[in-house]
Amino acid sequence: MQDFLELLLLGAIWGSSFMLIKWAAPEFGIFALVEVRAIGATILLIPFVFLKGQQQDLFKYWPQLLVVGLLNTAIPFCLFNYSLLHIEAGLAAILNGTAPMFGMLVAYLFLKETIGWVGLVGVLMGFAGVVLISYAQATNANASVWPVLAILLATLCYGIVASYLKHSMSHVKPFAIAGGSQFFAALVLAPFALMNLPETMPSSRALTSALLLSFVCTGFAYVLYFDLIAKIGPSRALTVGYLVPLFGVLWGYIILNESLTIKELAGGALVIIGVMLATNIFSRFKRKPSIVIHK
3 MQDFLELLLL GAIWGSSFML IKWAAPEFGI FALVEVRAIG ATILLIPFVF
53 LKGQQQDLFK YWPQLLVVGL LNTAIPFCLF NYSLLHIEAG LAAILNGTAP
103 MFGMLVAYLF LKETIGWVGL VGVLMGFAGV VLISYAQATN ANASVWPVLA
153 ILLATLCYGI VASYLKHSMS HVKPFAIAGG SQFFAALVLA PFALMNLPET
203 MPSSRALTSA LLLSFVCTGF AYVLYFDLIA KIGPSRALTV GYLVPLFGVL
253 WGYIILNESL TIKELAGGAL VIIGVMLATN IFSRFKRKPS IVIHK
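Heads up: the sequence shown is residues 3 to 297, going by our numbering.
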């Protein structure tokens with residue numbers, strides 16, 4: 003029961019990040035917000051690296067950690083910040099659910115992992131959902147498809163980094179990956195953030211949102227996620243990916259008073275069901291996991 007509650011808590015935390023970005027990004031700007039988020043996460047995670055005795059990996063594999071920092075934090079976080087300046091938090095959360103599907107496709111193309119007919123049906127359903135959401139945005143006079151495409155590019159980055167971790171970094175300790183990638187993301191983005199600092203001091207709500215994104219949605223969430231991996235295994239821990247869109251929509255509806263169109267809701271349902279089929283989530287509970295994939 004405790005593990006289940008932790009899983010719900012993690013889903014609620016990651017689901018809230020879209021709402022917090024919605025509040026913080028307009029005042030901080032795209033790059034400065036990611037910089038604050040990465041620095042805060044680094045401050046929280048680096049002590050765990052040394053506490054767990056994983057600092058050797060931090061120094062030994064810094065080029066690989068730089069790649070992970072770019073693909074798992076710097077690039078996708080900037081793309082999400084841009085997108086949430088234009089679309090609703092709930093819709094962004096739904097589109098974020100395509101990450102496991104992209105992960106499966108990248109693994110099929112580059113790691114030669116099998117898909118199967120169920121997985122293929124899931125991929126087609128997922129992309130049909132994305133097309134439906136994109137169509138709904140395109141037919142909305144006040145909307146654009148570019149924010150949708152930006153999120154899909156961000157989730158593609160997540161899919162690429164998942165295969166990269168599995169292929170090249172499965173032997174690297176998890177907290178070294180988490181802390182090191184945040185550090186290098188902050189380092190790479192520092193010049194862009196300094197050139198695009200907010201002209202006025204952000205409001206208390208924006209500041210609070212940025213700090214929550216840093217220490218709770220990134221730093222603490224990683225600690226909680228790795229704790230779940232240790233206790234219930236990676237396959238079960240990865241099911242949090244299906245809770246994030248649900249919580250994202252919930253927070254958007256309750257707190258931001260957002261509402262999605264019928265087409266967007268239908269597209270979101272296709273995305274979630276398609277991802278569940280593509281990643282074969284149901285079979286994960288029937289076998290003992292043997293490979294840890296770090297998110």
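Note that CB positions come from ideal geometry on N, CA and C, so glycine has one too.
{"Item": "Collapsed DSSP secondary structure at Leu81 in the structure displayed", "Value": "helix"}
{"Item": "Three-state class that DSSP yields for Met303 in the structure shown", "Value": "Any property of residue 303 remains undetermined from this structure, which presents the chain solely from 3 to 297."}
{"Item": "Length at least 4, wholly inside the region 64–112: the alpha helix (DSSP H) runs in chain order", "Value": "64–71, 77–85, 91–98, 101–112"}
{"Item": "Residue of Asn259, Leu158, Gly182 minimising C-alpha distance to Ala101", "Value": "Leu158"}
{"Item": "Burial state of Phe52 (16 or more Cβ within 10 Å)", "Value": "exposed"}
{"Item": "Any 3 or more C-beta pairs closer than 8 Å across the region 38–50 and the region 270–280", "Value": "no"}
{"Item": "DSSP three-state assignment for Phe185, whether helix, strand or coil", "Value": "helix"}
{"Item": "Inter-stretch contact (C-beta, 8 Å, three-pair minimum) for the region 88–95 and the region 206–216", "Value": "no"}
{"Item": "Cβ contact (3+ pairs, closer than 8 Å) linking the region 105–115 and the region 147–167", "Value": "yes"}
{"Item": "Which of helix, strand or coil DSSP assigns to Lys290", "Value": "Reliability fails at Lys290, whose pLDDT of 45 lies under 50, so the model's placement of it is uncertain and the value that follows must be treated cautiously. Of the three classes helix, strand and coil, the one that applies to Lys290 here is coil, per DSSP."}
{"Item": "Buried versus exposed, by CB contacts within 10 Å (16 or more), Phe61", "Value": "exposed"}
{"Item": "Short Cβ contact (9 Å threshold) for Ala156 with Asn98", "Value": "yes"}
{"Item": "DSSP three-state assignment for Gly17, whether helix, strand or coil", "Value": "helix"}
{"Item": "Proximal residues to Ala130 (C-beta, below 6 Å), its chain only, five neighbours per side dropped", "Value": "Leu272"}
{"Item": "Start-to-end residues for the alpha helix (DSSP H) that takes in Val246", "Value": "242–256"}
{"Item": "Start and end residues, alpha helix (DSSP H) containing Thr210", "Value": "206–214"}
{"Item": "Asp5 classed as buried or exposed, judged by whether at least 16 other C-beta atoms fall within 10 angstroms", "Value": "exposed"}
{"Item": "Whole-number beta carbon distance between Ala280 and Met103, since they are thought to touch under 8 Å", "Value": "5 Å"}
{"Item": "Contact belief for Val246 with Trp25 at Cβ below 8 Å, rounded distance in angstroms", "Value": "Contact flag wrong, Cβ pair sits at about 18 Å."}
{"Item": "Collapsed DSSP secondary structure at Thr141 in the structure displayed", "Value": "coil"}
{"Item": "Nearest to Pro49 (by Cα), restricted to the options Phe222, Ile264, Val242, Phe249", "Value": "Phe222"}
{"Item": "Minimum C-alpha distance to Leu9 - residue among Gln57, Ala232, Asn144", "Value": "Ala232"}
{"Item": "Leu230 vs Ala239 beta-carbon contact at 9 Å", "Value": "yes"}
{"Item": "Residue range of the alpha helix (DSSP H) that includes Met203", "Value": "From DSSP, Met203 is part of no alpha helix (DSSP H); its letter is neither H nor E."}
{"Item": "For His169 and Leu213, the rounded distance between their alpha carbons", "Value": "33 Å"}
{"Item": "Delimiting residues of the alpha helix (DSSP H) encompassing Glu37", "Value": "32–53"}
{"Item": "Cβ-based burial, Val78 [other Cβ within 10 Å; buried from 16]", "Value": "Reading off the sequence, residue 78 comes out as Pro, not Val. So Pro78 counts as buried."}
{"Item": "Nearest-angstrom Cα separation, counted from Leu189 out to Gln57", "Value": "18 Å"}
{"Item": "Supposed close pair Leu134, Gly269 - CB separation, criterion 8 Å", "Value": "4 Å"}
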